[in-house]
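Residue numbers (the working numbering), protein chains in the order written: chain A, 35 to 489; chain B, 5 to 172. We put the beta carbon where it would ideally sit given N, CA and C, even for glycine. Structure first, commentary second.
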Ligand code: SF4
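Given below as structure tokens:
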């Protein structure tokens, strides 16, 4: 049973612990006086981050947890403050005394530690990686994040779904459309409405557009990290072209505010031409890049994630698919009718993740052609009903889970689990048997979000 | 590989002949002159993300794609604050990131400037102030210039850098 999410909600006098598995959702109620639960991490290791987050957020004690360190609250965060509790209403905090964080590390003769971040070398989001090294060999790595923790879950409480939208679409810039799609599904559920097929197609078109932009960027950056800059020049031109197309269609280069309940008429024929051109460019890129042995020397067998680990750690997205796991939220009739084919590889290495991305770009282009149609549908949103709503989307990174509870017309609890939240926890499994110089390559081949993870 | 060279020979160098290209060319010339005059031909920027949605970074990365190719003008994004003249700061100055941002600023040798990028560091993005947000950045750092947008498009960033260069 795949674990999707585990989170807490505050009720009167109690906390409700919600655990979402692929096929069922379990709920457990605990008292506020003695908020203790048992860990799930012995069966599902990835549950530990969810549980550490719960402890920080609400002060819930995870009784038999093997890891009780804070997750979101870093060295200078005041202890004994649990900001997700309803009673906590302050919008500012003072820095507390520095309490060191104890990193997981391997000790021994000749073993040394390498710390990277939070500010990385380059134009990249902040995060921290801690390596235990024996010479060049990586023995162990710990990922530590939440530098970008903006308190978004709290920020959205008390807002209507419409008011929350501008924030939701800015949780992770690379996945803005995916976040908006999940939001849209929740609005539809809450309003008891069915989305017209034409809108669904338009939104699906935009989601694939977002995916190819993200993938194209990676298809340049991954070879670049192996010292092959020409690929970056080529692919970054393609991704810039795609971004300009997204701007043409939505008025914004990242599609902020693109998903709504109204369709604008598009210039379909120029989009077809664009897609035809891209199809040719990608075909060229593929023959070119597959033919550079020194590159594949770096890609093949680097950063392997075993299929068994995908299962054990509940990994999602490109990372899971590259290890032979057929998991994609688009595996459903609507997408299948429009040309979706799931892309998987077996080797689970950098090469496999690169190839999955390349194949997905090609498949997205095919789908995008099917999704294009002239249409100017407009629907009105009916009254939003109170309730507990859940939605999924397949972002460019993988399965996105969103849960919004509405009470008295406004958000009572907002919870979102970015695909990266699962996959960051898998990253360390790809490190042993590799040298530290391969780390950027492995990391880039997974290309996870910090913003979506940290919230 | 041979195909790549064939394509190059057959198609030559690809440029876009649009109004944008012309504007870009004009700005680029001015930037180059200013960088030469005021920074001896090379302006080093340390970009620091203090809690963004990553779209601002994506646009800064786009500055090195073949359309904009900022490095040709002597503007470099460097890996260490100790090599930098300018800190380009984006994001919301989160509680968790603020001490690290201040630390990075300290490491930049004098003379140094801070440029804020995007709506986040000036608290103009749709985000609200929570316990976890320390923006605006100007509460913590001397900000010399601001480049607005959410995110600013590459051309707007380039324009903003030029404005900064003219200003100092
Ligand atoms: S300014 Fe806008 S685009 Fe830039 S990081 Fe903030 S929300 Fe994202």
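Proximity test, Cβ basis, 8 Å: residue i and chain A
i                     : result
residue 133 (chain B) : yes
residue 96 (chain B)  : yes
residue 91 (chain B)  : no
residue 168 (chain B) : no
residue 110 (chain B) : no
residue 129 (chain B) : yes
residue 69 (chain B)  : yes
residue 32 (chain B)  : no
residue 157 (chain B) : yes
residue 26 (chain B)  : no
residue 88 (chain B)  : no
residue 103 (chain B) : yes
residue 38 (chain B)  : no
residue 10 (chain B)  : no
Identified DSSP bridge partners for residue i
i                     : result
residue 428 (chain A) : A:433
residue 94 (chain B)  : B:53
residue 43 (chain A)  : A:50
residue 119 (chain B) : B:92 and B:149
residue 162 (chain A) : A:178
residue 369 (chain A) : Beta-bridge pairing links residue 369 (chain A) to no other residue.
residue 412 (chain A) : A:296
residue 169 (chain B) : Paired residues: none, contrary to the question.
residue 80 (chain B)  : B:48
residue 62 (chain A)  : A:51
residue 374 (chain A) : Residue 374 (chain A) is not bridged to any residue.
residue 172 (chain A) : A:167
residue 444 (chain A) : A:441
residue 149 (chain A) : A:164
Contacting residues, own chain, Cβ-Cβ under 6 Å from residue i (five flanking each side not counted)
i                     : result
residue 270 (chain A) : 254
residue 247 (chain A) : 273, 276 and 277
residue 67 (chain B)  : 74 and 158
residue 409 (chain A) : 232 and 297
residue 364 (chain A) : 374 and 428
Closer than 8 Å to chain B by CB, residue i
i                     : result
residue 274 (chain A) : yes
residue 201 (chain A) : yes
residue 117 (chain A) : yes
residue 189 (chain A) : yes
residue 333 (chain A) : no
residue 483 (chain A) : yes
residue 47 (chain A)  : no
residue 214 (chain A) : no
residue 476 (chain A) : no
residue 208 (chain A) : yes
Cβ-heavy atom distance, residue i to the ligand SF4, below 7 Å
i                     : result
residue 129 (chain B) : yes
residue 155 (chain B) : yes
residue 125 (chain A) : no
residue 136 (chain B) : no
residue 69 (chain B)  : no
residue 177 (chain B) : Limits of chain B in this structure are 5 at one end and 172 at the other, which puts residue 177 (chain B) out of reach.
residue 59 (chain B)  : yes
residue 56 (chain B)  : yes
residue 94 (chain B)  : yes
residue 207 (chain A) : yes
residue 184 (chain A) : no
residue 277 (chain A) : no
residue 287 (chain A) : no
residue 234 (chain A) : no
residue 204 (chain A) : yes
Close-in-space but distant-in-sequence residues of the same chain around residue i (CB under 8 Å, 5 per side omitted)
i                     : result
residue 102 (chain B) : 54, 138 and 144
residue 279 (chain A) : 243, 305 and 308
residue 205 (chain A) : 186, 213, 450, 452, 485, 486 and 489
residue 103 (chain A) : 86, 135 and 136
Cβ-based neighbour list, residue i, same chain, cut-off 7 Å, excluding 5 preceding and 5 following
i                     : result
residue 78 (chain A)  : 37 and 348
residue 60 (chain A)  : 53
residue 87 (chain A)  : 105 and 106
residue 44 (chain A)  : 92, 119 and 120
residue 387 (chain A) : 352, 353, 356, 479 and 480
residue 289 (chain A) : 210, 211, 240, 244 and 280
* To do: Give, in chain order, every residue of the segment 44-66 of chain B whose Cβ lies closer than 7 Å to some Cβ of chain A.
  => Shown in chain order are the members of the segment 44-66 of chain B whose Cβ falls below 7 Å from a Cβ of chain A: 51, 52, 53, 55, 56, 57, 58, 59, 61, 62, 64, 65 and 66.
* Which residues, taken in chain order from the segment 148-169 of chain A, show a beta carbon closer than 7 Å to some beta carbon of chain B? -> The segment 148-169 of chain A vs chain B, Cβ under 7 Å: 152, 153, 155, 156, 157, 158, 159 and 160.
* Asked: What are the residues of the segment 375-408 of chain A that lie near chain B, defined by any Cβ-Cβ distance shorter than 9 Å?
  -> Per Cβ criterion, the list is empty.
* To do: Could you run through the segment 134-148 of chain B and flag, in chain order, every residue whose CB is less than 9 Å away from some CB of chain A?
  => Correct list: 134, 135, 136, 137 and 138.
* Note down, in chain order, all residues in the segment 112-126 of chain B with a beta-carbon under 8 Å from any beta-carbon belonging to chain A. => So the list is empty, because no residue satisfies the distance condition.
* To do: Using a Cβ-Cβ cut-off of less than 8 Å, give me the residues of the segment 125-144 of chain A that come near chain B, in sequence order.
  => Residues of the segment 125-144 of chain A whose Cβ lies closer than 8 Å to any Cβ of chain B, in chain order: 125, 126, 127 and 129.
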